[in-house]
Amino acid sequence: MKRFFRRKTSKQIAKDRLKILLISDRANCSPDMMDMIKTDIVKVISKYMKIDASHMEIQISKTGTKGKLGSKTPTLYANIPILDINQ
Amino acid sequence: MCEVIVVTSGKGGVGKTTTSANVGTGLARMGKKVCLIDTDIGLRNLDVVMGLENRIVYNLVDVVEGHCRVKQALIKDKRNPTLYLLPSAQTRDKSAVTPEQMIKMITHLREQFDYIILDCPAGIEQGFQNAIAAADRAIVVTTPEVSAIRDADRIIGLLEAKEMSKIELVINRLRYDLVKRGDMMSQGDVVDILAIPLLGIVPDDENIVIATNQGEPLVGSSAPAGIAFENIVNRLTGKEVPFMDFSRGVSFWMKLTGIFHKI
């Protein structure tokens, strides 16, 4: 019965931990630095339009576009919801 | 045309040596001329897994340093006449060989073999650099655990930086019972995270322990891991083999979700 009430399986915990871990591993920077990048992006975009900073996501993905030499280059993805474009 | 394949993982103990031994033996059973090279200088193991530890005269370092010819150091396998092992040195360390020396030696061996399998040491230091220097293709071995996957991701990054043309994944020691109850990442989860093509899935199988005790690779036997390695070997040679069905004896619902996972 216990299992029914447990919210996350240990597999899901492992997967979630890995995802966060690999973002900072691939970027060669700490989660703190990612936070700082995020804050700075918010500052810059906010000059021009109203954005929803609390629902913004940034991540570094390895499966990005192919680089000049054909190898995959890491890509920074930012998903920023815009609340008002004509500020 | 000779193909040089490096078997690597980053983390130790995930099954690089077992995979090398079984892939090499499997290819030799198909009649290919295969050379297995243990590049783990100082901690050699491939010879014991192959059951050839009593036949070693010369080793990799002797060849590189010119104490003997490559031919003198190659050990012929007990069972397969087209399979040879180049053992590593036990008394030296990784710095005894440079990537340039490895490339030179392997270029020479390419003329004599269809496949050269390099068993890479754990870690990302010189031993790893030596092993990947001459490889055309890489097999990254991982288990469905956080630590092994993290290390595999790092290794994939390093291989991509070196512009390795083919990088494929082997997931070792998968336990379907744990996956089913949500306590182990599935093959889909691992492939999702690492984002490289899957070459094979090897189930956790006690027969591997028995085979290693006896010094005989398992490939070609009817044990689950034996079949899994046979499939890997077939995929390596370009054959299309469907991935093993672990859902035997599993409920209809699990099979159904399994189908959706594949899509």
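Residue numbers (my numbering), protein chains in the order written: chain A, 1 to 87; chain B, 1001 to 1263. Here a beta-carbon is modelled for each residue, glycine too, at the ideal position from N, C-alpha and C.
Following the continuous alpha helix (DSSP H) through residue i, name the residue where it begins and the one where it ends.
| i | result |
| --- | --- |
| B:A1148 | 1146 to 1161 |
| A:D40 | 31 to 46 |
| B:A1073 | 1070 to 1073 |
| B:A1225 | 1224 to 1236 |
| B:V1241 | B:V1241 -> no alpha helix (DSSP H), and no H or E assigned at all. |
Tell me whether residue i sits in a helix, a strand or coil according to DSSP, three-state version.
| i | result |
| --- | --- |
| B:D1047 | helix |
| B:N1130 | helix |
| B:N1059 | coil |
| B:L1052 | coil |
| A:A78 | strand |
| A:Q59 | strand |
| B:K1104 | helix |
| B:I1041 | coil |
| B:V1014 | coil |
| B:T1019 | helix |
| B:L1086 | strand |
| B:V1034 | strand |
| B:G1024 | helix |
| B:K1094 | helix |
| B:K1076 | strand |
| B:R1029 | helix |
| B:R1181 | coil |
| B:A1211 | helix |
| B:G1220 | coil |
| B:R1110 | helix |
| B:I1193 | helix |
| B:G1188 | helix |
| B:A1121 | The question names Ala, but residue 1121 of chain B in the sequence shown is Pro. Coil. |
| B:P1081 | coil |
Who does residue i pair with in a DSSP beta bridge?
| i | result |
| --- | --- |
| B:P1203 | B:L1174 |
| B:V1004 | B:I1116 |
| B:K1166 | B:R1137 |
| B:L1198 | B:L1169 |
| A:D84 | A:K50 |
Can you name the residues of chain A whose CB is closer than 9 Å to the CB of residue i?
| i | result |
| --- | --- |
| B:R1137 | Here the premise fails: no neighbours, minimum Cβ distance about 15 Å. |
| B:I1124 | Those within 9 Å of B:I1124 in chain A number zero; the least Cβ separation is about 12 Å. |
| B:G1188 | Ordered by position in chain A, no residue passes the 9 Å Cβ test against B:G1188, which lies about 11 Å from the chain. |
| B:G1010 | In chain order: nothing, as chain A lies at least about 11 Å away. |
With hydrogens ignored, establish whether the beta-carbon of residue i is closer than 7 Å to any heavy atom of the ligand COA.
| i | result |
| --- | --- |
| B:I1232 | The model on display carries no ligand, and the ligand COA is accordingly not part of it. |
For residue i, is the classification buried or exposed, using 16 other Cβ atoms within 10 angstroms of its Cβ as the cut-off for buried?
| i | result |
| --- | --- |
| B:Q1072 | exposed |
| B:F1079 | The sequence shown places Arg at residue 1079 of chain B, not Phe. Flag for B:R1079 reads exposed. |
| A:Y77 | exposed |
| A:L83 | exposed |
| B:P1197 | exposed |
| B:R989 | This structure cannot speak to residue 989 of chain B, because chain B is shown only from 1001 to 1263. |
| B:S1165 | exposed |
| B:A1195 | exposed |
| B:L1256 | Confidence is the limiting factor: at B:L1256 the pLDDT is only 49, short of 50, which leaves the residue's position unreliable, though a coordinate-based value still follows. B:L1256 comes out exposed. |
| B:F1128 | buried |
| B:N1054 | exposed |
| B:K1094 | buried |
| B:I1075 | buried |
| B:I1208 | buried |
| A:L69 | Residue placement at A:L69 is flagged as unreliable, the pLDDT there being 49, under the threshold of 50; the coordinate-derived value follows with that caveat. Label assigned to A:L69: exposed. |
| A:M1 | Interpretation of A:M1 is limited by its pLDDT of 49, a score under 50 that renders its predicted location unreliable; the figure taken from the coordinates is listed afterwards. It counts as exposed. |
| B:C1035 | buried |
Would you kindly report the start and end of the unbroken beta strand (DSSP E) that includes residue i?
| i | result |
| --- | --- |
| A:R17 | No beta strand (DSSP E) contains A:R17, which is instead part of the alpha helix (DSSP H) from 10 to 27. |
| B:R1137 | 1137 to 1142 |
Note down, in chain order, every chain A residue with its Cβ under 8 Å from the Cβ of residue i.
| i | result |
| --- | --- |
| B:V1146 | A14, R17, L18, L21 |
| B:G1182 | T9, S10, K11, Q12 |
| B:R1092 | The premise fails here: B:R1092 is roughly 32 Å from chain A at the closest Cβ pair, so nothing lies under 8 Å. |
| B:R1029 | Going along chain A, no residue has its Cβ under 8 Å from B:R1029, so there is no contact; the nearest lies around 35 Å. |
| B:R1173 | The contacting residues do not exist; B:R1173 stays about 15 Å from chain A at best. |
| B:I1193 | K15, L18, K19, L22 |
| B:G1051 | By Cβ distance, chain A contributes nothing, its closest Cβ being about 36 Å from B:G1051, past 8 Å. |
Going along chain A in order, which residues have a C-beta closer than 7 Å to the C-beta of residue i?
| i | result |
| --- | --- |
| B:M1185 | K11, A14, K15 |
| B:D1274 | Absent from the model: residue 1274 of chain B. The displayed extent of chain B is 1001 to 1263, so no value can be given. |
Which chain B residues sit within Cβ distance under 8 Å of residue i?
| i | result |
| --- | --- |
| A:D35 | Neighbours of A:D35 on chain B: none; closest Cβ ~21 Å, over 8 Å. |
Just the chain B side, please: which residues come within less than 7 Å of residue i by C-beta, in chain order?
| i | result |
| --- | --- |
| A:D25 | R1150, D1153, R1154 |
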